[in-house]
Amino acid sequence: MKFDQPAGQNPIDQLKVIGKPTNRIDGKFKTTGTAPYAYERHDAAPDAAYGYVVGAGIAKGRITAMDLTAAKAAPGVLAIVTADTAGPLVKGDFNTAKLLGGPAIDHYHQAVALVVAETFEQARAAAALIRVDYARDKGRFDLDTALKTAPLKGDDDKAPPVHRVGDFEKAFAAAPIKLDALYETPDQSHAMMEPHASIASWAGDKLTLWTSNQMIAWGKGDVAKTLGIPKDDVRLISPYIGGGFGGKLFVRADAILAALGAKQAGRPVKVALQRPLMINNTTHRPATRQRIRLGAGEDGKLTAIAHESGSGDLPGGGPETAVSQTRLLYAGANRLTSMRLAVLDLPEGNAMRAPGEAPGLMALEVAMDEMAEKLNMDPVQFRIVNDTQVDPEKPGRKFSQRQLVECLRMGADKFGWSQRNAKPRSVRDGRWLVGMGVASGFRNNITMKSGARVGIDKKGMVTVATDMTDIGTGTYTIIAQTAAEVMGVPLEKVNVLLGDSSFPVAAGSGGQWGANSSTAGVYAACMKLREAVAQKLGFNSADVEFADGKVRSGNRSVPLAQAAGDAGLSAEDSIEFGDLAKKEQQSTFAGHFVEVGVDAYTGEIRIRRMLAVCAAGRILNPKSARSQVIGAMTMGVGAALMEELAIDKRFGFFVNHDLASYEVPVHADIPHQEVIFLEEVDPMSSPMKAKGVGELGLCGVGAAIANAIYNASGVRIREYPITLDKVIAGTAMVA
Amino acid sequence: MKAFTYERAESPAAAAAAVAARPGAKFIAGGTNLLDLMKLQIEEPVHLVDVNRLALDKIEPTPDGGLRIGALVRNTDLAADERVRRDYGVLTRAIVAGASGQLRNKATTAGNLLQRTRCPYFYDTNQPCNKRKPGSGCAAIGGYSRQLGIIGTSDACIATYPGDMAVAMRVLDATVETVQPSGSTRHIPIADFHRVWGDTPHIDTNLQPGELITAVTLPKPVGGTHIYHKVRDRASYAYALVSVAAILQRDGSGHVAIGGIAPKPWRVEAAEAALPQGAKAVATRLLAGARPRPDNAFKVPLVERTLAAVIAQAKDAA
Numbered sequence: 001m002k003f004d005q006p007a008g009q010n011p012i013d014q015l016k017v018i019g020k021p022t023n024r025i026d027g028k029f030k031t032t033g034t035a036p037y038a039y040e041r042h043d044a045a046p047d048a049a050y051g052y053v054v055g056a057g058i059a060k061g062r063i064t065a066m067d068l069t070a071a072k073a074a075p076g077v078l079a080i081v082t083a084d085t086a087g088p089l090v091k092g093d094f095n096t097a098k099l100l101g102g103p104a105i106d107h108y109h110q111a112v113a114l115v116v117a118e119t120f121e122q123a124r125a126a127a128a129l130i131r132v133d134y135a136r137d138k139g140r141f142d143l144d145t146a147l148k149t150a151p152l153k154g155d156d157d158k159a160p161p162v163h164r165v166g167d168f169e170k171a172f173a174a175a176p177i178k179l180d181a182l183y184e185t186p187d188q189s190h191a192m193m194e195p196h197a198s199i200a201s202w203a204g205d206k207l208t209l210w211t212s213n214q215m216i217a218w219g220k221g222d223v224a225k226t227l228g229i230p231k232d233d234v235r236l237i238s239p240y241i242g243g244g245f246g247g248k249l250f251v252r253a254d255a256i257l258a259a260l261g262a263k264q265a266g267r268p269v270k271v272a273l274q275r276p277l278m279i280n281n282t283t284h285r286p287a288t289r290q291r292i293r294l295g296a297g298e299d300g301k302l303t304a305i306a307h308e309s310g311s312g313d314l315p316g317g318g319p320e321t322a323v324s325q326t327r328l329l330y331a332g333a334n335r336l337t338s339m340r341l342a343v344l345d346l347p348e349g350n351a352m353r354a355p356g357e358a359p360g361l362m363a364l365e366v367a368m369d370e371m372a373e374k375l376n377m378d379p380v381q382f383r384i385v386n387d388t389q390v391d392p393e394k395p396g397r398k399f400s401q402r403q404l405v406e407c408l409r410m411g412a413d414k415f416g417w418s419q420r421n422a423k424p425r426s427v428r429d430g431r432w433l434v435g436m437g438v439a440s441g442f443r444n445n446i447t448m449k450s451g452a453r454v455g456i457d458k459k460g461m462v463t464v465a466t467d468m469t470d471i472g473t474g475t476y477t478i479i480a481q482t483a484a485e486v487m488g489v490p491l492e493k494v495n496v497l498l499g500d501s502s503f504p505v506a507a508g509s510g511g512q513w514g515a516n517s518s519t520a521g522v523y524a525a526c527m528k529l530r531e532a533v534a535q536k537l538g539f540n541s542a543d544v545e546f547a548d549g550k551v552r553s554g555n556r557s558v559p560l561a562q563a564a565g566d567a568g569l570s571a572e573d574s575i576e577f578g579d580l581a582k583k584e585q586q587s588t589f590a591g592h593f594v595e596v597g598v599d600a601y602t603g604e605i606r607i608r609r610m611l612a613v614c615a616a617g618r619i620l621n622p623k624s625a626r627s628q629v630i631g632a633m634t635m636g637v638g639a640a641l642m643e644e645l646a647i648d649k650r651f652g653f654f655v656n657h658d659l660a661s662y663e664v665p666v667h668a669d670i671p672h673q674e675v676i677f678l679e680e681v682d683p684m685s686s687p688m689k690a691k692g693v694g695e696l697g698l699c700g701v702g703a704a705i706a707n708a709i710y711n712a713s714g715v716r717i718r719e720y721p722i723t724l725d726k727v728i729a730g731t732a733m734v735a
Numbered sequence: 001m002k003a004f005t006y007e008r009a010e011s012p013a014a015a016a017a018a019v020a021a022r023p024g025a026k027f028i029a030g031g032t033n034l035l036d037l038m039k040l041q042i043e044e045p046v047h048l049v050d051v052n053r054l055a056l057d058k059i060e061p062t063p064d065g066g067l068r069i070g071a072l073v074r075n076t077d078l079a080a081d082e083r084v085r086r087d088y089g090v091l092t093r094a095i096v097a098g099a100s101g102q103l104r105n106k107a108t109t110a111g112n113l114l115q116r117t118r119c120p121y122f123y124d125t126n127q128p129c130n131k132r133k134p135g136s137g138c139a140a141i142g143g144y145s146r147q148l149g150i151i152g153t154s155d156a157c158i159a160t161y162p163g164d165m166a167v168a169m170r171v172l173d174a175t176v177e178t179v180q181p182s183g184s185t186r187h188i189p190i191a192d193f194h195r196v197w198g199d200t201p202h203i204d205t206n207l208q209p210g211e212l213i214t215a216v217t218l219p220k221p222v223g224g225t226h227i228y229h230k231v232r233d234r235a236s237y238a239y240a241l242v243s244v245a246a247i248l249q250r251d252g253s254g255h256v257a258i259g260g261i262a263p264k265p266w267r268v269e270a271a272e273a274a275l276p277q278g279a280k281a282v283a284t285r286l287l288a289g290a291r292p293r294p295d296n297a298f299k300v301p302l303v304e305r306t307l308a309a310v311i312a313q314a315k316d317a318a
């Protein structure tokens, strides 16, 4: 199905199933331990041996010698994979560094060996017996140093590195009110619960990988490319995923090493990346250095906006696109955005939930708060004054839907914003200094081609099969809701099969495109199936109604089961998106409101309450959408207050590489969260008229917290995370 | 994890003798720290002597009005004990400020005293660490040291003792009771239990090889307001950046010990005389000779500020 005209009235608009708060259909499996994750597929590969990964002990250089003698002789050892035994491996399209290092080492904890043994304990013990000698090279580990000579860089190789509208410099110079400030965001880790994990099994030349991966088709392609085998010989199976946040968009060392280990050992092999390896072995969100300049008139209207960001990555990597939202969020006639990309020899950077916007808004929305204060304006009002209904770079192009102002107004009302004292450090509750902060949330809506196959059997059971993934977001449920709505059956009559590369290729889970795109693909397949049903029954498909498990046309009504017959019926289709996204800008918006307490003595910061008001198209399942947003808000608390990969600039690695030292929020950090979704349908986005929310919930949260801390304590901190040491450095103790 | 042999001890003295008889042997009780370290091969015992079934799990009154806490009393049970909550509140508060409910159910009194540092370089076996591998150097000095020590450290090691319970025991003037491989017993004041390790940071405590902790005794209660204030980046499940264990009296006198800054719970009795003069006076004396690093210099003002918070809280309570 080609989607190149705005969606008209369609079966989704019935809203009998779509739009209803619905428990996850996979919830009972997850909560009873009957949803097996990749590493638990004993049923599929009962004789799997265990692999244990050895990570490089240096950041840059080469292996000069590797002594495997003791490891080979250790009890239970079946095989040891190294660059020497693996044969030539091609780097995957989605990897920046090779997944198996040696002799050259590109980053710390790059895999250099996999030890395969009968038991996990034997593999681990043998791995410790491998002796590796290295020759270290001097690496580039300091972003600030590297940025001094870093070139400009666009979003990708084709995109221009600098975007200009009007004459920023002139307008900024002329502006009566100005801000010029630097902001820093640190490297961050996805830190999802389930590690990267795979079981590999070969049958002749054919490889099956039970793995944990967000993007099945990308993964299948990169496994084939890396191993130098035809794509058709690779099958990926990933029906349940214990979190990804972008860390599992790409095939990682667990999958490739399991495949190589299984080949070498002649039996299935399972590999889970050890937790202490995950941070340096896999991808992370790159640190940024951002300069923001804002110029405004006395009326509070922005006349000049510049946002320049620098980040670093391994050679061949990409920038953290932290300026992208600044091109679209606020009006202003004179604009400049640009990025620089430095070469670093730290582990590779890549997408983490809301790449670009998450760190970009952590800077921009603090700058907006600072500017509002200079203007002596309320920060909510300042944002409203600078709203735009059109793309500020191309004023002829409007937003398909844009309810930022409504989000901010509703949020201010529900949160009690009028109670905020604009003067910092003026509200006290016992030993706590209390403050409120606001930020705009913004994340673009991306659409991706997505396919599905839908069948009906003789019992009237509808089965959807697609290689779409559910990374804990609720995809199973919204796909079931979509099929139930279109086919006119109750939710219990829909069976959803996901995450198998033998199913039609779907959008996958990333960039908050999954929900809208994958359900639109299911919609397309269901509409095709409806035609097949109508045709089989000899109904005129234009006036057929699918409801209550029956197909009706005029006064004829046939149960769906009967229509399917003994052989059943099925149809496959994809949604393919035309250029509607070019005609009108599709984005999602939020207003984030936060109240914090700052300990007047110790500078400890604790969140007191949070509210997000979101406008993101049709909300397919308000229950799982709310879960997505509160999860993202929680991640925003981590980003604002504690998450930072600490770099050892001498040795070139992230030092705090486990969950004891890389802190993410715990329950006690999150006292009270509210989410409100505004009514919205967006016919430009898809037949579902939906957009994504999974990343929107994170975008802007960090800045709202930073602004609340300023309001509470009077300390403006521009380097994240905002930890108590930075607070006490900026404030005298008031007992 | 290296392969090891295992035995279950029949008596404290037999356990001590069994460990003394095998170089490289260790006791195991709750295992909440030792097992993790064994998996990473930071600890590589050749033999484990399991002391869990020794009858050391009672909390009993002592003849002089104190409490004797068996070495195997689990953290959860110790924190919940009515007498502890009533008379030694700082101890309950310190224990529940640490770890998680699950870990506290398993962790023992003696094991908690023996937990090892959380320096990230100690945990990464690719890195030099004098505590893990004597003579290999210290990667933390000049590296990432936000969590690490500011006083009592050395040029060989800037790690900290990471726990909470022992900080409270230090302010309570607890005594550690042990049995030697010979069967003789020893009473070690908590002040002398953990070492300021100098150039031998691989030795955390003054226990001798094979010496087994059998109990910790608390002296007669001293009354006062008991406070444990633990400062950290997140609200739970994190080691202290700085913690203060305090027993403060209505007349402004009292005792304070600091966690998170040194190889041992840090207490300077002479500094306590300055308590009536306020936090700054105490902190200045407590931290005389401190050698903070750029990453952890904030701990110096943080000690003073946390002391101020504690003193203010005690005044509110009084």
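Protein chains in written order, with the UniProt record's numbering: chain A, 1 to 735; chain B, 1 to 318. Think of the CB as a built atom: it goes at the ideal place given N, C-alpha and C, for glycine as much as any other residue. If you're wondering where the values come from, they're calculated on a predicted model, not measured in any experiment.
Take residue i as the anchor and find which of the options has the nearest alpha-carbon.
| i | options | result |
| --- | --- | --- |
| A99/B | G89/B, L48/B, P162/B | P162/B |
| L113/B | E177/B, D64/B, G143/B | E177/B |
| T211/A | L236/A, K225/A, P161/A, D187/A | L236/A |
| S570/A | K423/A, M633/A, M487/A | M487/A |
| W202/A | P195/A, G221/A, K270/A, M193/A | K270/A |
Locate the alpha helix (DSSP H) running through residue i, then write down its first and last residues.
| i | result |
| --- | --- |
| M362/A | 357–375 |
| K301/A | From DSSP, K301/A is part of no alpha helix (DSSP H); its letter is neither H nor E. |
| M527/A | 514–537 |
| I216/A | 216–227 |
| T69/A | 69–73 |
| residue 737/A | The requested residue 737/A does not occur in the structure, where chain A is confined to residues 1 to 735. |
| V51/B | No alpha helix (DSSP H) holds V51/B; DSSP gives it neither H nor E. |
| Q102/B | 101–106 |
Report yes if the C-beta distance between residue i and residue j is below 9 Å; otherwise report no.
| i | j | result |
| --- | --- | --- |
| H107/A | L314/A | yes |
| Q481/A | N281/A | no |
| T588/A | N445/A | yes |
| A262/B | I150/B | yes |
| G499/A | I241/A | yes |
| H307/A | A255/A | no |
Drop a sphere of 10 angstroms on the beta-carbon of residue i, count the other beta-carbons inside from all chains shown, and report buried for 16 or more, exposed for fewer.
| i | result |
| --- | --- |
| residue 736/A | No information on residue 736/A is available, as it lies outside the stretch 1 to 735 that chain A covers here. |
| P209/B | exposed |
| residue 755/A | Residue numbering for chain A in the displayed model covers 1 to 735; residue 755/A lies beyond these limits and cannot be assessed. |
| residue 335/B | Limits of chain B in this structure are 1 at one end and 318 at the other, which puts residue 335/B out of reach. |
Tell me which same chain residues have a C-beta within less than 7 Å of the C-beta of residue i, skipping the five on either side of it?
| i | result |
| --- | --- |
| T85/A | Q264 |
| H657/A | P276, I279, N280 |
| K301/A | V385, N386 |
For the beta strand (DSSP E) containing residue i, list its first residue and its last residue.
| i | result |
| --- | --- |
| W210/A | 206–211 |
| L569/A | 569–577 |
Whose C-beta lies closer than 6 Å to the C-beta of residue i among residues of the same chain, with five residues either side of it excluded?
| i | result |
| --- | --- |
| A484/A | V17, L491, V494 |
| V310/B | I227, H229, V244, A246 |
| L103/B | T32 |
Got a sec? Which residues, its chain only, sit under 8 Å from residue i by beta carbon, not counting five neighbours each side?
| i | result |
| --- | --- |
| R453/A | V464, A465, T466, F503, P504, A525, S570, A571, E572 |
Below 7 Å between beta carbons is the criterion; list the residues of the segment 108–137 of chain A that meet it against any residue of chain E, in chain order. Looking at the structure shown, chain E is missing, and the protein chains on hand are A and B.
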